[in-house]
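Numbering-wise, our numbering puts 1017 at position 105 of the sequence shown, and it's gapless, one number per residue. Below is one structure, written out as structure tokens, with a few remarks after it.
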Amino acid sequence: MFGLKFRIEALYFTNFRKSTSTSLINTYSIPPFTTLRGMISNALGLKRDDLRVQDWIKIGIKPQNNINLSTEMTKVLKLKGTGKRYQKTFPSAPIFKEFLVNPIYDVYIAGEQELIEKVYNALKNPKRPLYMGASDELVDLTVFEPVKIEKKHFNEVYGVLGGIHEDCIIEKIPYKFLQTGRNFSLEYKTISIPKKGKICEEMILFDFEGEGVALV
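What follows is the structure, encoded as structure tokens:
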């Protein structure tokens, strides 16, 4: 199996909106797996509903700075009905919006060598501008060379883990899209984000040149 590491830095701020929030625009602490796969698909130039990247790779995420959460008041325009009919005016309302300030994440992906090299080339020379969160929230990427990876024993775990672990921020985030005909639904995963950046626990992880990474 081959692996690829790349670092994502949001240039200013971003919001990974929780789709279930209504009276507030809440954000996840890390980019959902669906967001990362969507960014890779965008780099490859795939169409919006092309979900093949879901079957290509497993993903690991490691926040590189403290989660700096802030809140602002924003104006939201509300659509009536489906939004397909022309409206001259839109009702609006003020609403609180959370956002992450200059977040940085190391992302690790693993899969077959041919597919990893394809993703590597796409991230180095993307077909379209890359962003996370809203379409105007561009990101800066640092892409490392693909490496061969294998499982090893580690005593410390850095980054996001699947399931529930002590001394962590627990979140349930979108993992993948499920398609039935023309309809789409979401599969969620419960993950743990270490509050101190690491968990001292013996685990079998993927070895990315000395870094133990849990892939989901």
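The beta-carbon is built from N, C-alpha and C at its ideal position, and this holds for glycine as well. This one's a predicted model, so the numbers in the text were calculated from it and none came from an experiment.
Alpha carbon to alpha carbon, how far is residue j from residue i? Give it in angstroms, no decimals.
i: LYS930; j: LEU1050; result: 19 Å
i: ASN980; j: LYS1064; result: 32 Å
i: VAL1072; j: THR946; result: 15 Å
i: GLY915; j: LEU991; result: 43 Å
i: GLU1026; j: GLU1113; result: 33 Å
i: ILE920; j: VAL1019; result: 7 Å
i: MET1115; j: LYS917; result: 20 Å
i: LEU923; j: GLU1024; result: 31 Å
i: PHE1011; j: GLY1045; result: 10 Å
i: CYS1080; j: ILE942; result: 13 Å
i: ASN1033; j: ALA955; result: 9 Å
i: ARG960; j: SER935; result: 28 Å
i: PRO944; j: ILE1021; result: 14 Å
i: SER933; j: PHE1118; result: 35 Å
Tell me whether residue i counts as near the ligand ZN, meaning its Cβ is closer than 8 Å to at least one heavy atom of that ligand.
i: GLU1026; result: The ligand ZN is absent from the structure shown, which contains no ligand whatsoever.
Please classify residue i as buried or exposed, where buried requires at least 16 neighbouring CB atoms within 10 angstroms.
i: LYS974; result: buried
i: PRO1106; result: buried
i: PHE1096; result: exposed
i: ARG949; result: buried
i: THR939; result: buried
i: SER953; result: buried
i: PRO1041; result: exposed
i: GLY1124; result: buried
i: GLY957; result: exposed
i: LEU1035; result: buried
i: ILE1082; result: exposed
So residue i is in the beta strand (DSSP E); what residue range does that whole segment cover?
i: LEU1090; result: 1080-1092
i: ILE1111; result: 1110-1120
i: ILE1105; result: 1095-1106
i: GLU1068; result: 1063-1070
i: ALA1046; result: Premise fails: ALA1046 is in no beta strand (DSSP E) and is neither H nor E.
>> Can you confirm whether the segment 1081-1089 touches the segment 1054-1063 when touching is taken to mean that 3 or more C-beta pairs between the two stretches lie within less than 8 Å?
In response: no
> Pairing CB atoms from the segment 922-929 with CB atoms from the segment 992-1006, are three or more of them under 8 Å?
Replying inline: Taking 8 Å as the limit for Cβ pairs, the verdict is that the segment 992-1006 does not touch the segment 922-929.
> Does the segment 973-990 come within contact of the segment 1004-1015, defined as at least 3 CB pairs closer than 8 Å?
Replying inline: yes
> What runs of the alpha helix (DSSP H), each 4 residues or longer, lie entirely inside the segment 953-1035?
Replying inline: 965-968
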